[in-house]
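Undergrad: One structure, as structure tokens, below. Some questions next.
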Amino acid sequence: MCSAILDISTATVDPDEYLRELMAWHFSADTGSPYWLRRARTLDFDPVTDIRTFADLTRFPNVIDEFRDVAVEDLIPRGLTGADAEIAGIFESGGTTGAPKRFVMFERWMEFALGWDEFHYADLGVVNTLAVAPSGPHMFGEFATRRARRHDGVKFTIDLDPRWIKQLIARGTTDEVERYAEHLVDQAADILKSQSIGILITTPPLLERLSRRDELVDAIRKQVKFICWSGAHMDADSRDIFRNEIFPGIPLKGLYGSTTILGMSRERPEEHPDGLAVFDAPSPYIAFRVVDPDTGDDVAVGERGQVVMNHLTKYALLPNNLERDMATKVEALPGALGCAVADVGPVRTFKDHSVIEGVY
């Protein structure tokens, strides 16, 4: 039986009570997933009795690499029934640090995750969407599809394989990288110049390439009402140039997330004093920490460290996952678990792999 506190909503809940109920859900034979029930036998603690607070989640090992080859059926909690059990899709990580990891996204959670960011788009009305972004196995593309539906428009998209362009970069084939990137922009150009587009969803590297062509800057200025960026780093200087020089008057908002947390954080309306975007996660369902990469200890607010992500819902448990990103720690909103983050960017190497950002 699922405690009502685990139902996804915007209501404020006691975070410690929520975590205790969550542990009972994921580690009970009737409700937990085959993966976590099996993995629990290898832990040196009992999650049901020993995980009482957010800080206790650090006791979990980082299991995210196991999601490269675990059967997706083993990731489905047995307690999910009816509408709760409806699957929105199976999504994969970008494959930046090795073989992709796979995750099950459930319909109710995906709709909540999308709606949580809706206030940014509330006044746009009926518009079409152009996603110059990965689709296929990537969560990014499905979110763009659903964003278009919420605005009673259609989604235009292009063919984009982010893994291929990362392979080209790794091989040092600069000419091929350039040709492929321009091929992506050519596809987007055809749509921007011939169709009505109100929302543009893309990554910072591709937005920069679109901005190199004057005719595309003009097309975006004339019709686009909102630009959403995600999937790669955008520094404060680039953000300022996009907002004030290239696309003045068009809201430019970022999302910071990962398939490994089955969602994203949203940009805070109030800016960081140095002009950086600050990202808040939907607590208690997603929570961040920022740690010293050498010690694993939490850094102080205002200091820089490596991001640790936690997905904490009845649909999935992904605790204590050290991400491939560095960020500046920002004080969380009142009552939220963990912290907010700003100035997010990739580490250079992660688990002996060079981190190649590419276009995503």
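In terms of the working numbering, the sequence shown is residues 1 to 360.
Just so you know, even glycine gets a beta-carbon here, dropped at the ideal spot from N, CA and C.
Of the choices L210, G79, T10, E86, whose alpha-carbon is the least far from that of A113?
TA: Nearest option by C-alpha distance: T10.
Undergrad: With a CB to CB cut of under 8 Å and the five nearest residues on each side skipped, what residues in its chain are close to K193?
TA: Within the same chain, K193 has close Cβ partners E215, L216, A219.
Undergrad: Please state whether DSSP places V13 in a helix, a strand or coil.
TA: If DSSP states are grouped into helix, strand and coil, V13 belongs with coil.
Undergrad: If you drop the 5 nearest sequence neighbours on each side, which residues of the same chain put their C-beta closer than 6 Å to that of P47?
TA: So the qualifying residues of the chain are M23, F27.
Undergrad: Please report the straight-line C-alpha distance between G153 and V224, rounded to a whole angstrom.
TA: For G153 and V224, the distance between alpha carbons rounds to 13 Å.
Undergrad: Under a three-way DSSP split, which group does F140 fall into?
TA: DSSP places F140 in helix when its eight states are reduced to three.
Undergrad: Of the choices R68, I8, N128, whose alpha-carbon is the least far from that of G115?
TA: Per the Cα distances, I8.
Undergrad: Between the Cα of D117 and the Cα atoms of K166, F143, R102, K101, which residue gives the shortest distance?
TA: With distances taken between Cα atoms, D117 lies closest to F143.
Undergrad: What does DSSP give as the partner residue(s) for R179 in the beta ladder?
TA: DSSP lists no partner for R179.
Undergrad: Starting from the Cα of I199, find the closest Cα among E267, E176, L124 and give me that residue.
TA: Nearest of E267, E176, L124 to I199, Cα basis: L124.
Undergrad: When you compare each of G89, P205, S196 to E182 by their alpha carbons, which one comes out closest?
TA: Closest option to E182, Cα to Cα, is P205.
Undergrad: Spatial neighbours of R41 within its chain, please: C-beta separation below 6 Å, excluding the five flanking residues on both sides.
TA: Answer for R41: no residue qualifies.
Undergrad: Does I261 pass the burial test, meaning 16 or more other C-beta atoms within 10 Å, or should it be called exposed?
TA: Buried, because 16 or more other Cβ atoms sit within 10 Å of the Cβ of I261.
Undergrad: According to DSSP, is V48 part of a helix, a strand, or is it coil?
TA: Three-state DSSP puts V48 in a helix.
Undergrad: Helix, strand or coil for E102? Go by DSSP, reduced to three states.
TA: Sequence inspection shows Arg at residue 102; the Glu mentioned does not correspond to that position. Of the three classes helix, strand and coil, the one that applies to R102 here is strand, per DSSP.
Undergrad: Can you tell me which of the three DSSP states L184 falls into?
TA: Note: L184 maps to helix in three-state DSSP.
Undergrad: Which whole-angstrom value describes the C-beta separation of V291 and D280, a residue pair presumed to lie in contact below a C-beta threshold of 8 Å?
TA: The Cβ separation is near 18 Å, so there is no contact.
Undergrad: Among the residues of its own chain, which have a CB less than 7 Å from the CB of T58, if the five just before and after it don't count?
TA: So the list reads N320, once near-sequence residues are dropped.
Undergrad: Can you list, in chain order, the residues of its chain whose CB lies under 7 Å from that of D363, leaving out five sequence neighbours each side?
TA: The chain is shown from 1 up to 360; residue 363 falls before or after that span and cannot be answered.
Undergrad: Taking only heavy atoms of the ligand MG into account, decide whether any of them is closer than 8 Å to the Cβ of L160.
TA: In terms of ligand content, the structure shown is empty, and the ligand MG therefore cannot be addressed.
Undergrad: Do you know offhand how far P269's Cα is from K314's?
TA: Cα to Cα, the separation comes out at about 29 Å.
Undergrad: Mind checking which residues open and close the beta strand (DSSP E) that includes R163?
TA: No beta strand (DSSP E) holds R163; the alpha helix (DSSP H) holding it covers 162–171.
Undergrad: Quick one: using the 10 Å Cβ neighbour count with 16 as the cut-off for buried, is T173 buried or exposed?
TA: Burial call: exposed.
Undergrad: Name the DSSP beta bridge partners of S258, please?
TA: Looking at the DSSP assignment, S258 forms a beta bridge with G263.
Undergrad: Can you tell me whether D44 is buried or exposed, with buried defined as 16 or more other CB within 10 angstroms of its CB?
TA: With fewer than 16 Cβ atoms within 10 Å of its Cβ, D44 is classed as exposed.
Undergrad: Please go through the same chain and pick out, in chain order, the residues whose beta-carbon is closer than 6 Å to the beta-carbon of G263, but skip the five residues on each side of it.
TA: So the list reads A113, G257, I286, once near-sequence residues are dropped.
Undergrad: Can you give the Cα-Cα distance for E92 and M139, rounded to whole angstroms?
TA: In a straight line, the C-alpha of E92 is about 7 Å away from that of M139.
Undergrad: Ignore the nearest five residues each way along the sequence and tell me which others in S196's own chain have a CB closer than 7 Å to its CB.
TA: The answer, listed in chain order, is N128, Q223.
Undergrad: Less than 9 Å between the beta carbons of D74 and F106, yes or no?
TA: Taking 9 Å as the Cβ cut-off, D74 and F106 do not qualify as a contacting pair.
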